[in-house]
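Top to bottom, those sequences are chains A and B.
According to our numbering, the first sequence is numbered sequentially starting from 201.
According to our numbering, the second sequence is numbered sequentially starting from 201.
From the three backbone atoms N, C-alpha and C, an ideal C-beta is built for every residue, glycine too.
Protein chains: 2
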Amino acid sequence: MIVDRQERLLAAVADRGLDAMLVTDLVNVRYMTGYVGSNGAAVLAPDRRLLFTDSRYLVKARAETRGVEVRPAGRDLLGAAAAELADLGGRVGIEADHVTLSHHARLVEALPDVELVPVSGMVEDLRVRKEPEEVELMRRAAAIADDALEALVAEPIVGRSEAEVAWTLESALRAAGAEGASFPIIVAGAANGAVPHHASGREPVPPGTLVVVDLGAVVEGYASDSSRTFATGPLPEPLERAYAVCLEAQAAALAAVRPGIGTTELDAVARDMITEAGFGDAFGHGLGHGVGLEIHERPWLRREGDGTLEAGMMVTIEPGIYLEGLGGVRIEDLVLVTEDGGAPLGRFPKTLMTLPARRGGGG
Amino acid sequence: MIVDRQERLLAAVADRGLDAMLVTDLVNVRYMTGYVGSNGAAVLAPDRRLLFTDSRYLVKARAETRGVEVRPAGRDLLGAAAAELADLGGRVGIEADHVTLSHHARLVEALPDVELVPVSGMVEDLRVRKEPEEVELMRRAAAIADDALEALVAEPIVGRSEAEVAWTLESALRAAGAEGASFPIIVAGAANGAVPHHASGREPVPPGTLVVVDLGAVVEGYASDSSRTFATGPLPEPLERAYAVCLEAQAAALAAVRPGIGTTELDAVARDMITEAGFGDAFGHGLGHGVGLEIHERPWLRREGDGTLEAGMMVTIEPGIYLEGLGGVRIEDLVLVTEDGGAPLGRFPKTLMTLPARRGGGG
C-alpha cells in the first residue's frame, strides 16, 4: 500500500521532470512512508527512498515504515536530508505549501548545485483518493462516533453544560478504541448554534431550542466527521423550518454525489434549495470538504473552485443554517464517492429528534 | 497585557526599520491580539492594528481581542491582509519561520510596491518572558497535572494498559477544568520507557520495573509539562542506579537555574553528572525547553546553542537515562526563572516511589 504510493509519487516526479522529491509536511511524510512522529522528512528518488528522523524515533520508525531506509538525523533534519540531496543532485521538488522561508533559505544555502523546484499538492493529490484500507479505518471511526452519539441521546442532556456533553462524547470515543477526537467536539445550544465553530462552553444546553453536535473520531490516524442537530423541546417556528430545509438540502446533496460532478455544482444543489427557502444568507460556509489523515483536506466543496469528484474521494456533506441570536442547524455526513454515486459512512438517523429534559433533577 | 505586547512588538518593528508586521502564525496571532481560532492574521503598524478572520469567528474575535480592529476576510485571509498592506506601503516584516513558499508567492504578487522582509522570532522573542498572568495560568495547569498524578498513584496501575492509564490521567485533567492535555500523555513501562517519545500502547504496565509518566495540562491555552518515573516493584540494579543518578542530576540542574546562565552551561550541569556515572550515551536529548502557549518553544536547553536564561522564562528541566531493552527514567519539572534563581511550579515528590501491584485481581 505505502510502497504503491511511493511508486505513484515517483511517476508524478518523473512527469514533472524532477529527479527527487523532498517531503517535509508530517502528514505527507506519514502517508508516503508510514512514519508517525513529530520530526521526520522523506527523500524520494527512483533509486533512493529515505526517511530521516532523530534518535527518539529510530526504533519505532524502522518498525512502522515501508519501502524506505530509516536514517538518523539528529536535531538537524533538513541538514541530513540536504546532504543526501546534494549527493543526488539535479532538480528536487520541495513542498511549496509547507516549506517555510527559513527552511527554504537553509536548503538554498546547503544545496548550491541543486535546483529546488517548489511544487504544490503532489502528495495531497494522491491522498485525495482513498484506498480500501483507508476507507475501512474511516468507516470504523465513523461507527465509533455514531455509537457515541447513540449513547449520548439515551441520557438527558438538557441542563448539562456544553463542555460536559462534549467531554462525555470524547470519553466514549476513547473508550471505544479511538485515538481521540478528530477536532474539538462542538456542542452548541440555542444562539451558540448560530456560530459554526462555537467552542463548547460552560453554558447549559437549554430546553426548547436546537443543539448542534459536531464530532469525529480518529482511528490509526484517520478522521471521521459528522454532525447532528437535536431539538430540546418544542421549537420556535424559524428553527423548525430551518431544520426541515437543511435536512431536505442535505438529502438532495447526498443524492447528487457521484464521480464527475463539479464541486461547485454539488455545493449549489444544497445552496439553491436553502436560498429558495429564504435562508441563503444564513448558510455562510461551503457544503463540505475532504477528510482523511487530516480533518480538513482536499477536495473543497464550495461556491468557488473548479474541481470534480472522483471515485474514492471521501467528503463531508454538511449544509447549515445559522440564525444569529436564535440558533443553528447543521446536518453532516461523511460520504465515500463510489463508481456510481455516494455511500454515506454513518447511520445515525436524521429525522428531527427531541431530547428529553433532565429527569427528576438528579445526575 | 495584550496591548503592551503590541507596543513592544511595534518598538521592535521600528528598531528594524520596518513600517509594519504581518503576523500569520496562529500562536503568535493569539499572543499579539487575543484571537483564538483556526483562521486569523494580524497587521500591526504604528497607526493601524488589525485582525483579519472569517465570518465563523467574527463575533468571538471581537469579544476576545484587545487593541485591534477585527475585519472580515472571507476565505482569503492573505488577500484581505495584503490589500491593507498595499495601502500602508513601505517595508513589511513577514514571519520567515512560518510563511510558506506558496503564501510568499501570493504576497509578492499582491504587493508589487511593498518590500517584504522575512524576519525570524520577533513575536517569539516576546513570548519567551512570561507575564505574571501567564505564569499564573501555567501554575494552574501544573497543579492540575500534579493532582492527576496524585489520584493516579492512589490506585494500582500495575497490570493496566499504558493507554488506559494515560486516559485516566487525561480524564482527570479535563475533570479538573483543563482544556485538555498539552500533548499525548506518555505512560511507558519497562523497555518502552527507553523510548523517550513512546506512544502509550495496549501493553500492561509490568511489575518489577520503571514506568515513565510524562504529562501536561492546558489552561486558557497555556501548557504545563512534567514527568515522574515510578518503580513497580524491586528493580534490576541498573535501573535503580539510573534513577538515583537522574534524580541527582535533575536536582543539580534545578539548583543551577538563574538568570544569566548559558543554556549549554545548564545542560552540562546535568549531562556531566550523568556522563560521569557512566550513562552519558543514555541521555540522548536536551535538558529541557521553554513552555508557554506551545508545549515546545524557546529557549532550548541543549548541548549546542548560545542563549542565556532570563528572569521570566519558563523552562523544563528533564534529564533522562534510557537503557535500551531494559527501561528508562525521566524526571521533569517546569521551572520559572526568577530574579535570583528558579522556582519549580510542581510539587509532586521525586523520591523513588514504588507503586503497588493490582490488588486482588478485580478492577
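Residue i by DSSP, collapsed to three states: which one?
i: residue 257 (chain A); result: coil
i: residue 514 (chain B); result: strand
i: residue 563 (chain A); result: For residue 563 (chain A), the predicted structure reports a pLDDT of 38, less than 50, and the residue's modelled location is therefore unreliable. The matter cannot be settled from this model.
i: residue 535 (chain A); result: strand
i: residue 265 (chain A); result: coil
i: residue 520 (chain B); result: strand
i: residue 221 (chain A); result: strand
i: residue 251 (chain B); result: strand
i: residue 236 (chain A); result: coil
i: residue 295 (chain A); result: strand
i: residue 244 (chain A); result: strand
i: residue 275 (chain B); result: coil
i: residue 208 (chain B); result: helix
i: residue 543 (chain B); result: strand
i: residue 635 (chain B); result: As shown, chain B starts at 201 and ends at 563. That puts residue 635 (chain B) outside it, with no answer to give.
For residue i, go through chain A and note every residue whose CB falls closer than 8 Å to its CB, in chain order.
i: residue 256 (chain B); result: 395, 396, 397, 484 and 485
Residues of chain A with CB closer than 7 Å to the CB of residue i, please, in chain order.
i: residue 304 (chain B); result: 301
i: residue 259 (chain B); result: 395
Using the rule of at least 16 other Cβ atoms within 10 Å of the residue's Cβ for burial, across every protein chain shown, is residue i buried or exposed?
i: residue 549 (chain A); result: exposed
i: residue 327 (chain A); result: buried
i: residue 427 (chain B); result: buried
i: residue 217 (chain A); result: exposed
i: residue 565 (chain A); result: Outside the modelled stretch of chain A, which goes from 201 to 563, sits residue 565 (chain A), for which no answer is possible.
i: residue 554 (chain A); result: exposed
i: residue 287 (chain B); result: exposed
i: residue 366 (chain B); result: buried
i: residue 478 (chain B); result: exposed
i: residue 556 (chain A); result: exposed
i: residue 396 (chain B); result: buried
i: residue 433 (chain A); result: exposed
i: residue 445 (chain B); result: buried
Using a cut-off of 8 Å between C-beta atoms, extract the partners of residue i located in chain B.
i: residue 237 (chain A); result: 397
i: residue 296 (chain A); result: 300, 301, 302 and 305
Only counting the same chain, and skipping five residues up and downstream in sequence, which positions put a Cβ closer than 8 Å to that of residue i?
i: residue 494 (chain B); result: 227 and 423
i: residue 403 (chain A); result: 361, 362, 389 and 392
i: residue 496 (chain A); result: 489 and 490
i: residue 539 (chain B); result: 459 and 511
i: residue 203 (chain B); result: 266 and 267
Closer than 7 Å by C-beta to residue i: which residues in its own chain qualify, once you throw out the five before and the five after it? Chain order, please.
i: residue 291 (chain A); result: 217, 218, 219, 315 and 317
i: residue 273 (chain A); result: 252, 253, 254 and 280
i: residue 453 (chain B); result: 466, 469, 470, 487, 517 and 519
i: residue 498 (chain A); result: 324, 328 and 490
i: residue 368 (chain B); result: 352
i: residue 482 (chain A); result: 521, 522 and 523
i: residue 378 (chain B); result: 341, 344, 417, 418 and 419
i: residue 501 (chain B); result: 463, 466, 467, 486, 487, 488, 489 and 515
i: residue 560 (chain B); result: Reliability of the predicted coordinates at residue 560 (chain B) is poor, the pLDDT of 47 falling under 50, and the value obtained from them is presented with this limitation in mind. Hits under 7 Å: none found.
Please compile the residues from chain B whose C-beta is within a distance smaller than 7 Å of the C-beta of residue i.
i: residue 318 (chain A); result: 301
i: residue 374 (chain A); result: 367
i: residue 371 (chain A); result: 371
Who are the near neighbours of residue i in its chain, counting only those whose CB is closer than 6 Å to its CB and skipping five residues on each side?
i: residue 297 (chain B); result: 320
i: residue 233 (chain A); result: 242, 251, 265 and 268
i: residue 464 (chain A); result: 505
i: residue 257 (chain A); result: 237
i: residue 525 (chain B); result: 391
i: residue 387 (chain B); result: 362, 365, 366, 400 and 413
i: residue 310 (chain A); result: 282
Unbroken stretches of the beta strand (DSSP E), 3 residues or longer, contained in the region 303–339 of chain B: 314–319
Runs of alpha helix (DSSP H) wholly within the region 358–446 of chain B (minimum 4 residues, chain order): Runs of the alpha helix (DSSP H) lying entirely within the region 358–446 of chain B, each at least 4 residues long, are 362–375 in chain order.
Segments assigned alpha helix (DSSP H), at least 4 residues, entirely inside the region 445–510 of chain A: 463–476
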